[in-house]
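Its first residue numbered 499, the sequence shown is counted upward by one per residue in this note's numbering. A virtual CB, placed ideally from N, CA and C, is assigned to each residue, including glycine. What follows is a short report on a single structure.
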Amino acid sequence: MIFASEINISLSFSPVYLVIGIILSILFSVWIYRITLPKISVPLKIFLTILRSAAIVLILLAIFEPVISIINKENIKPKTFLFFDNSTSIKNYSETDSSEIISSINNLSNEITSETEIYSFGNVLRKWDQEKIGEIKFDDSITNISSIKDEVINKKNEIASIIILSDGNYNSGSDPSGELNQLGIPIFTIGVGDTVSQKDIELRKVLYSKYLYAETESTIKAVLLNNGFDGGNVVVTLSEGNSIIERKTIVLSETGIDYVDFTYKPMISGEKKLRVDISRLENESSFSNNSRSFFVNVIDNKLKIGIVSAAPSSDVKFIYNSLKLDEDLEIMRSIQISRNKFFEDFDNSKLNGADILFLIGFPGKDTPQNLINLIKQKLSNNSPYLITVNENTDLIKLKEFSQFLPFEINQIRNDFTRVMLNVNDFNSPLLGSDLREINLWNELPPVLKNNSNFSAKPQSKVISKIKIGNTLIDEPLLITNNVGQKSIAILAGEIWKWKLNNKKEDNFLFDNLFNTSVKWLRDESSRDKFIISSDKKIYSNVESIFLTAELYDEALNPIANAEIEAELINSKNEKIPFRFTYDSDGLYEYQIENLIAGDYKIIANSYVNNSLYKNAELNFSVENQNLEQNSSQMDFEFLNNLATVSNGKFYYLGNINNISTSINNINSTFNRETINRIEFRFWSNEIVLIIVIILLAVEWFIRKRAGML
């Protein structure tokens, strides 16, 4: 209930001045109507004086900008939120009777003296009335414990305590512990299920590289967990579609963990669906966790890097050595030795096959025009590149490339200064976001920077500026551009000195910079104008598939209200047409339900102004899975940590006698209030202005009728 109200009035100036102003306004109005021509009656004088005084006082109040604040405070009644797991795994435990869980929910609701709101989580979050608790069936096919997070955050001011009844196992969503514990609300967890691990073999995870290369062998590692089967033999198989890639028989380890390495050599590029299967053993508690499907991206052969330099230099040597650390790169070097001679008689036409260019001190004074033309042609085709500006760079010739550069050359000079990094982007993919690494970058030795005036183009991002000694200077040193053509610019030479720093802990920075640059430059996803994605690649047959489409123009601005038509194609080549629905900011959505097991493809076409714009494809799979049988025991550690960190307590289902007492004690000390504030700003209120106009208009009308001046 509302227990207190406060009314506050604030002014822009001292209230003493306001009082004096009001008195003077009234005296002025009285003096004005002291003598009138022609003479009017005393009552009319008084009325006109009041009109004039009121108008002047209202204008004066507006000048003083008064704010009238009305504050209402209201006590919040404490509530307990009870969340229970409604998934099928809850009733699958042999020691747990679902009727006992329903009885416990009813008893807790009755014993807790404050208001209790009851919710179930599983497929969705659902609110329950207490009289309908008996209808609980524990039939949800997945467990999404993170769904309780949004409800708690939205109502955090009225929640005194939380109860979560679950086995602690979730197979959808994320771990909500961190965000829930930050709210400072005590959480009491009630554990349901077996505490003793059952005999089982589980394919815990499959490890593989994000990118694999065609005609190149790669390792795929399967991680197996076993409980109670050590010494037993199992067959582990890696397959692609209906083809077996490799099959291995292993003896399960006494440690309970086994690693199985497979060799996979894809012959063509594209997205591939692979699967790892473990043979079944007698007395396993569940077979549903013996297999796992996943998708890998296969890229055409190795990535080709073209290093182009106007002269040999230590920068070229050190960058080349760093790039060589990645065996998946094929590196070619066009290093000019003299006017018409290149290192190892390199054929510059080979640069046409480069996927990424590294322009180190290029172009130079003697760089042949045919090489300049070749590089211009590559850049005009949107080839990603990294460029350094060092003592070998001819800035006049470099200006010929201005349309491709992420920076402007505003003034050319021929002198140099030694400068240090001053990182100002703490979330850069090139330098990392770890504060320790950022500090290491800022402590690296100085490099040689041309004193010409450079400035980043509007679409570019300055990753690092410069400092000389302890003086910070607002000039770019490291620039990236992600709009249209991807590029990186390092506006300095002798950067090899970053590699030879005396501190061992930052020797890795140089290698990381250039290998990360390759990954960033080759990432095509940021340049796609039409992208279709799903929230995951492998679904169970009971899950909903959430699709998102993103549509951008050539400058990567979101396109709103386009038409996106798509077809869902199954393994029998049966097609189901559908349309995406526009959401916001270039995002379009669609949800698919009730798909049977199989492989699916989506082909989508986007239309802008009734014209075909871009097309995109997506692959995903649906499998017959019972996700609720993947875990055979209660996750005690998760439930106990969730309770302990929040100053709550963990209870087993069979021993919850004291939980209501603890919650009632917490709720009795709950002291929270809501504050509602209403402000009336006098000077910005239209009604005040209207009243002033009416007062002056009435005064003017009466004066005219009376024949007054």
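Backbone secondary structure at residue i - three-state DSSP
i               : result
glycine 991     : strand
threonine 547   : helix
isoleucine 1200 : helix
proline 513     : helix
aspartate 648   : helix
valine 528      : helix
proline 576     : coil
aspartate 813   : helix
isoleucine 831  : Position check: residue 831 holds arginine in this sequence, whereas isoleucine was assumed. Arginine 831: strand per DSSP, three-state reduction.
lysine 589      : helix
leucine 857     : strand
proline 1056    : strand
threonine 1142  : helix
proline 974     : strand
tyrosine 818    : helix
glutamate 1115  : strand
lysine 848      : helix
threonine 641   : coil
glutamate 1061  : strand
valine 704      : strand
glutamate 1212  : There is simply no residue 1212 to check, as the chain begins at 499 and stops at 1207 in what is shown.
glycine 930     : strand
alanine 720     : strand
valine 1186     : helix
glutamate 1135  : helix
aspartate 759   : strand
lysine 876      : helix
valine 455      : Past the boundaries of the shown model lies residue 455; the chain is included only from 499 to 1207, so the question cannot be answered.
glycine 689     : strand
valine 1047     : With the sequence shown as reference, residue 1047 is identified as alanine, and valine is not the correct amino acid for it. It is a strand residue.
lysine 1035     : coil
isoleucine 505  : strand
isoleucine 500  : Residue confidence for isoleucine 500 is low, a pLDDT of 45 falling below 50, so the modelled location carries little weight and cannot support an answer.
valine 887      : coil
glutamate 1087  : strand
lysine 697      : coil
asparagine 871  : helix
Extent of the continuous beta strand (DSSP E) to which residue i belongs
i                  : result
arginine 1077      : 1073 to 1077
serine 1104        : 1096 to 1106
glutamine 909      : 905 to 909
leucine 772        : 768 to 776
isoleucine 805     : 801 to 807
isoleucine 743     : 741 to 749
serine 958         : 958 to 966
threonine 534      : Segment: none, threonine 534 is in no beta strand (DSSP E) and carries neither H nor E.
methionine 918     : 914 to 921
asparagine 951     : 951 to 954
isoleucine 1173    : 1171 to 1179
serine 618         : 613 to 619
phenylalanine 1148 : 1148 to 1150
Where the alpha helix (DSSP H) through residue i begins and ends
i                  : result
leucine 1214       : Nothing about residue 1214 can be reported from this structure: the residues present for the chain run from 499 to 1207 only.
phenylalanine 1009 : Note that residue 1009 is aspartate in the sequence shown, not phenylalanine. Taken as a continuous stretch (DSSP letters only), the alpha helix (DSSP H) holding aspartate 1009 covers 1006 to 1020.
arginine 934       : 933 to 940
serine 791         : Here serine 791 belongs to no alpha helix (DSSP H); instead the beta strand (DSSP E) covers 789 to 797.
threonine 1159     : 1157 to 1166
glutamine 983      : Premise fails: glutamine 983 is in no alpha helix (DSSP H) and is neither H nor E.
glutamate 609      : 596 to 609
Supposed close pair residue i, residue j - CB separation, criterion 8 Å
i               : j              : result
methionine 1058 : glycine 1096   : The amino acid occupying residue 1058 in the given sequence is alanine; methionine does not appear at that position. Incorrect: roughly 34 Å between the Cβ atoms, too far for contact.
serine 1144     : asparagine 679 : 5 Å
serine 1119     : serine 767     : The Cβ separation is near 20 Å, so there is no contact.
asparagine 850  : serine 832     : No, asparagine 850 and serine 832 are not in contact; Cβ-Cβ is about 11 Å, not under 8 Å.
The ligand HEM heavy atom lying under 7 Å from the CB of residue i
i           : result
leucine 893 : In the structure on display, the ligand HEM does not appear, and there are no ligands present to speak of.
Chain C within 8 Å of residue i, Cβ atoms only
i          : result
valine 960 : The structure shown has no chain C; it contains just one protein chain.
Mind listing, in chain order, the continuous beta strand (DSSP E) runs of no fewer than 3 residues lying wholly within the region 656 to 685?
657 to 664
Kindly confirm or deny that the region 551 to 563 and the region 652 to 663 touch, where touching means at least three C-beta pairs closer than 8 Å.
no
Do the region 661 to 673 and the region 637 to 648 touch if we need at least three Cβ pairs shorter than 8 Å?
yes
Touching or not, the region 843 to 860 and the region 952 to 960, by the rule of three or more beta carbon pairs under 8 Å?
no
Contact between the region 595 to 614 and the region 1156 to 1165 is defined here as three or more beta-carbon pairs at a separation below 8 Å; is this criterion met?
yes
Count the C-beta pairs between the region 696 to 706 and the region 720 to 732 that are closer than 8 Å, then say yes if the count reaches three, no if not.
yes
Evaluate the contact criterion for the region 797 to 806 versus the region 769 to 776: three or more CB pairs, one atom per stretch, below 8 Å.
no
Are the region 610 to 621 and the region 571 to 578 touching by the rule of at least three beta carbon pairs closer than 8 Å?
yes
Could you say if the region 630 to 639 and the region 543 to 550 meet the contact criterion of at least three C-beta pairs nearer than 8 Å?
no
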